[in-house]
Amino acid sequence: MKKVLSIAAMLLMTCSAFAQQALWGGASVESPVVNEDGTVTFRYKAPKAVKVTVSGDFLPTQKMTFNMEGQERTFDVPGVAELKEGQFGIWEYTTDFKVAPEMYTYTFNVDGNTVIDNNNMWVNRDVSSLTSAFIVPGERADLYTIQDVPHGTVSKVWYESATAGFDRRLSVYTPAGYNPTAKTRYPVLYVLHGIGGDEDAWIAQGRATQILDNLIAQGKAKPMIVVFTNGNISQEAAPGENSTGYTRPTMQLPQTMEGTFETAFPEIVKFIDSNYKTIAKKQSRAICGLSMGGFHTLYISLNYPDMFGYSGMFSAAIGVSDPSISPIYQDFDKKLETYFSKKPALLWIGCGDTDFLIQANRDFVKKLQDNNYPHEYLENGGGHIWRNWRIYFTEFVPKLFK
Numbered sequence: 001m002k003k004v005l006s007i008a009a010m011l012l013m014t015c016s017a018f019a020q021q022a023l024w025g026g027a028s029v030e031s032p033v034v035n036e037d038g039t040v041t042f043r044y045k046a047p048k049a050v051k052v053t054v055s056g057d058f059l060p061t062q063k064m065t066f067n068m069e070g071q072e073r074t075f076d077v078p079g080v081a082e083l084k085e086g087q088f089g090i091w092e093y094t095t096d097f098k099v100a101p102e103m104y105t106y107t108f109n110v111d112g113n114t115v116i117d118n119n120n121m122w123v124n125r126d127v128s129s130l131t132s133a134f135i136v137p138g139e140r141a142d143l144y145t146i147q148d149v150p151h152g153t154v155s156k157v158w159y160e161s162a163t164a165g166f167d168r169r170l171s172v173y174t175p176a177g178y179n180p181t182a183k184t185r186y187p188v189l190y191v192l193h194g195i196g197g198d199e200d201a202w203i204a205q206g207r208a209t210q211i212l213d214n215l216i217a218q219g220k221a222k223p224m225i226v227v228f229t230n231g232n233i234s235q236e237a238a239p240g241e242n243s244t245g246y247t248r249p250t251m252q253l254p255q256t257m258e259g260t261f262e263t264a265f266p267e268i269v270k271f272i273d274s275n276y277k278t279i280a281k282k283q284s285r286a287i288c289g290l291s292m293g294g295f296h297t298l299y300i301s302l303n304y305p306d307m308f309g310y311s312g313m314f315s316a317a318i319g320v321s322d323p324s325i326s327p328i329y330q331d332f333d334k335k336l337e338t339y340f341s342k343k344p345a346l347l348w349i350g351c352g353d354t355d356f357l358i359q360a361n362r363d364f365v366k367k368l369q370d371n372n373y374p375h376e377y378l379e380n381g382g383g384h385i386w387r388n389w390r391i392y393f394t395e396f397v398p399k400l401f402k
C-alpha cells in the first residue's frame, strides 16, 4: 500500500511540476516587439541554426512566378528578411522602416523549416497553414482590437439542412443589448469566407466581431445580427469540430462552387428569421464575402433578387463558374438585369490592384458601368490577403441599413 501511495505522490509531483512550468515558466525571448519608433523587432532562439529568416505581410512584397496548368502566372508573395545571430543563440531582426498600423501575420524559416514564433502565443490558422500574428495599434487597426465598449455575443449554432442531409453549424453575432424576449428587432448581415475557410475564419482572421463592436459603439454602424456561414456544403462545421475529427484541413473539398451552397442558402435565412429577432425584409438583409465567398455572394444575390438589399464582393472569384454545372450560374446577364430592376440599395465591390483576380473584377465593374448599373468600387493596393478583406469589411458595414 505504501508503495502505491509513493507512486501516486510522485505522479502528483510530476504533474504539479508541469503545471508550475506552464504557469511561471514563461517565454525567455520576447517577440515580436512593437518599438516606440514604430519599427518591429523579431527574435528566435536557435543556437545551432545556420540561417534564420522571417517572412510576413508586414514586409514589402516580392514577385514570384508559378506554373499553373501550363501557364506561367506571377503573384505578389510576402517578403523575406534575414535575422542575425546574437548572444545565447538568439537571432534578431528589426525592421528598418516604421510598420503601419494593421494586423499582420508572419513565420520564421530555420534552416529550411518553416515554423511559427514559439514566443508568440497568438496564432492564426488559414486552411492548414499556421502563422503567428501581431497588431500594430493606431488608425484603422484600432477597430481590430478589444476596446472599452459594449460587446456583442458570438454563438455556435446548429441548424438542419435539408439540402445537405445533416445538421450544419453557423457562428452568429448578436449585438450588445440583444434580448430574445424584447420587442426590438435587428437587420441581418450574412458573411461568407473564402475557399478552404469555414464559419470561424472571419472571426479569427478577419477580426469581424471586434470591428462590429467598435463600429457600432462609435455610431458608425447600426446594431445588427451577423451570421458567419460555412460555405463548404459538404461539411458540418469547421475542421476539428465536425464528425471527421482531427483531419488535416484542405481546400480540395467537394461541392464548393457548383451551385449546391447557393441553392441551399434560403435554408439559412429561414432558420435565422425563425430563431432570432430579425427584420425579415429585403432592405434589412445584407450579404458579403471574400474570394469564393464573393463568388457565392454574387450568385446568391442574382438568383434571389428579393432577398438582399445590400451585397458586398471582396476580391470575388468572378468568372470561374461553368454555367453547364448548375442553373444557378446560367443566364448571367438576364439575372443581372433582373437584379438591378429590383433596385438593390447597394452593390459594393473591392479588390487589390495586385490581386490575381483583379482583371476579372475590373471586367465585371466595366460591365456594370456599360449598363449604367449603380454600384460602388474600391480598388486599393495589395493582393489576395486578409489585410484587404478587413479593410473592405470596415468600409462596407457602415453603409448598411441606412
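With the numbering used here applied, the sequence shown covers 1 to 402. Just so you know, even glycine gets a beta-carbon here, dropped at the ideal spot from N, CA and C. Computed from a prediction, not measured in an experiment: that's the story for all the values here.
V397 - DSSP class collapsed to helix/strand/coil: DSSP places V397 in helix when its eight states are reduced to three.
Which of helix, strand or coil DSSP assigns to D167: In the structure shown, D167 falls within a strand segment according to DSSP collapsed to helix, strand and coil.
Contact under 7 angstroms by Cβ, A49 with D117: Cβ distance not < 7 angstroms, so A49 and D117 don't count as in contact.
Beta-carbon gap between G350 and G382 smaller than 7 angstroms: Result no, Cβ atoms of G350 and G382 do not sit closer than 7 angstroms.
Three-pair Cβ contact test at 8 angstroms for the region 387 to 400 versus the region 220 to 228: Cβ pair count under 8 angstroms is three or more, so yes.
Inter-stretch contact at 8 angstroms, needing at least 3 Cβ pairs: the region 276 to 287 / the region 323 to 334: Because the criterion of three Cβ pairs below 8 angstroms is not met, the region 276 to 287 and the region 323 to 334 do not touch.
Beta-carbon proximity check, L290 vs W389, cutoff 7 angstroms: Taking 7 angstroms as the Cβ cut-off, L290 and W389 qualify as a contacting pair.
Short Cβ contact (7 angstroms threshold) for T65 with T105: Contact annotation: T65 and T105 have beta-carbon atoms that are not nearer than 7 angstroms.
First and last residue of the uninterrupted beta strand (DSSP E) at A204: For A204, there is no enclosing beta strand (DSSP E); the residue is found in the alpha helix (DSSP H) stretching over A201 to A204.
Counterpart residues of W348 in DSSP-defined beta bridges: Answer is G312 and E376.
Environment of D370 [buried if 16+ CB atoms lie within 10 Å]: By the beta-carbon neighbour count (other beta carbons within 10 angstroms, threshold 16), D370 is exposed.
Beta-bridge pairing of K63 - partner residues as DSSP gives them: In the DSSP output, where bridge partners are listed per residue, K63 has D76.
C-alpha distance - K342 paired with M292, whole-angstrom precision: Computed Cα separation, rounded: 25 angstroms.
Runs of beta strand (DSSP E) lying entirely within the region 145 to 193, each at least 3 residues, in chain order: Whole beta strand (DSSP E) segments, 3+ residues: 153 to 161, 166 to 174 and 188 to 192.
Integer-rounded CB distance, given that E236 should sit under 8 angstroms from R168: Indeed, because the Cβ distance is near 6 angstroms, the residues count as touching under 8 angstroms.
Beta-carbon separation (whole angstroms), V77 vs T53, contact threshold 8 angstroms: Incorrect: roughly 13 angstroms between the Cβ atoms, too far for contact.
Any non-hydrogen atom of the ligand ATP within 6 angstroms of P32 CB: As far as ligands go, the structure on display features none, and thus does not contain the ligand ATP.
Proximity of T94 and T41 at Cβ, strictly below 7 angstroms: Between T94 and T41, the C-beta gap is smaller than 7 angstroms, which places the two residues in contact.
Reduced DSSP secondary structure (H/G/I, E/B, other) of G56: Correct three-state label for G56: strand.
Spatial neighbours of G38 in its chain, beta-carbon cut-off 7 angstroms, leaving aside the 5 residues before and after: Excluding positions up to five away in sequence, the list reads K98 and V99.
Segment contact, 8 angstroms Cβ cut-off, at least three pairs: the region 187 to 196 with the region 226 to 240: Verdict: yes, contact present.
CA-to-CA distance, Y44 to G26, given in whole angstroms: Interpretation of G26 is limited by its pLDDT of 49, a score under 50 that renders its predicted location unreliable; the figure taken from the coordinates is listed afterwards. G26 and Y44 have their C-alpha atoms roughly 15 angstroms apart.
CB contact flag (D200, A164, <7 angstroms): No. Outside cutoff.
Integer-rounded CB distance, given that P137 should sit under 8 angstroms from A176: At roughly 22 angstroms, the Cβ-Cβ gap does not stay under 8 angstroms, so A176 and P137 are not in contact.
Contact set for R207: own chain, Cβ-Cβ below 7 angstroms, skip 5 residues either direction: Around R207, the same chain offers M103, Y144 and R390 as residues with beta carbons nearer than 7 angstroms, after the five sequence neighbours per side are excluded.
D363 - containing alpha helix (DSSP H), residue span: It spans I358 to D370 - the alpha helix (DSSP H) in which D363 sits, taken as one unbroken run.
N- and C-terminal bounds of the alpha helix (DSSP H) containing E267: Note, E267: alpha helix (DSSP H), T260 to N275.
Among T297, Y304, S321 and V320, the one whose alpha carbon lies nearest that of S311: Looking at the Cα atoms, T297 is the closest of the given residues.
Rounded distance between the beta-carbons of S161 and A264, thought under 8 angstroms: A Cβ-Cβ distance of about 6 angstroms is found for the pair A264 and S161, placing them in contact under the 8 angstroms criterion.
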